[in-house]
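Written out below as structure tokens is the structure these notes cover.
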Amino acid sequence: MRRAVWFSVAAALGLLATGCGNGMLKTQGRVVKGGQPFVPGPDEGLQILFVPILPSNQPAGDYYAAVVDQTTGTFQPAGKDRKGMPPGKYRVAIELMKKKKDQFGGKYDSEKSPYVFDIDSSTPEIVIDLDAPPAK
Numbered sequence: 004m005r006r007a008v009w010f011s012v013a014a015a016l017g018l019l020a021t022g023c024g025n026g027m028l029k030t031q032g033r034v035v036k037g038g039q040p041f042v043p044g045p046d047e048g049l050q051i052l053f054v055p056i057l058p059s060n061q062p063a064g065d066y067y068a069a070v071v072d073q074t075t076g077t078f079q080p081a082g083k084d085r086k087g088m089p090p091g092k093y094r095v096a097i098e099l100m101k102k103k104k105d106q107f108g109g110k111y112d113s114e115k116s117p118y119v120f121d122i123d124s125s126t127p128e129i130v131i132d133l134d135a136p137p138a139k
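Sequential numbering of the sequence shown, starting at 4, is according to my numbering.
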């Protein structure tokens with residue numbers, strides 16, 4: 004009996020150490036402008052969406068909304084049931100909404116955004132610099 008209890012405890016600790024092995028990521032990120040955190044103005048809201056980039060002729064699949072802290076400009080992809088998102092290549096769509104209108108004018112929408120990232124378990128942080136978007 005004792006051996007079974009110790010085995011169960013060891014197995015539980017092993018799962019805890021490996022993150023339970025579900026493969027989903029909760030990579031942290033931040034939006035900056037002028038080297039400072041980008042914080043929306045009054046009555047504005049920052050929305051961030053991760054759009055998977057799949058091989059040609061495959062449907063887009065699931066999109067992953069990020070939970071955005073409007074006071075710090077930081078975010079974390081939440082995914083379904085807030086369990087994160089799978090590793091992969093993503094285009095990051097960004098909207099700054101005010102009165103139901105994107106203040107960026109669609110410049111960073113899900114089809115045009117230049118912010119593309121390969122995200123895996125070794126990705127320490129996603130930084131979106133609004134002053135220096137990557138070249139397409």
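By construction, the Cβ of each residue, glycine as well, lies at the ideal position given by its N, Cα and C atoms.
Looking at the structure shown, is residue i part of a helix, part of a strand, or coil, going by DSSP?
i, result
"Leu133", "coil"
"Pro127", "coil"
"Lys102", "coil"
"Lys115", "coil"
"Asp65", "coil"
Can you give me the start and stop residues for the beta strand (DSSP E) that residue i sits inside?
i, result
"Gly48", "Glu47 to Pro55"
"Gln79", "Thr77 to Pro80"
"Lys36", "Gly32 to Lys36"
Suppose contacts are defined by Cβ-Cβ distances below 9 Å. Is residue i in contact with residue j by that definition?
i, j, result
"Thr75", "Arg33", "yes"
"Tyr67", "Ile97", "no"
"Ile129", "Gln39", "no"
"Lys92", "Ile131", "no"
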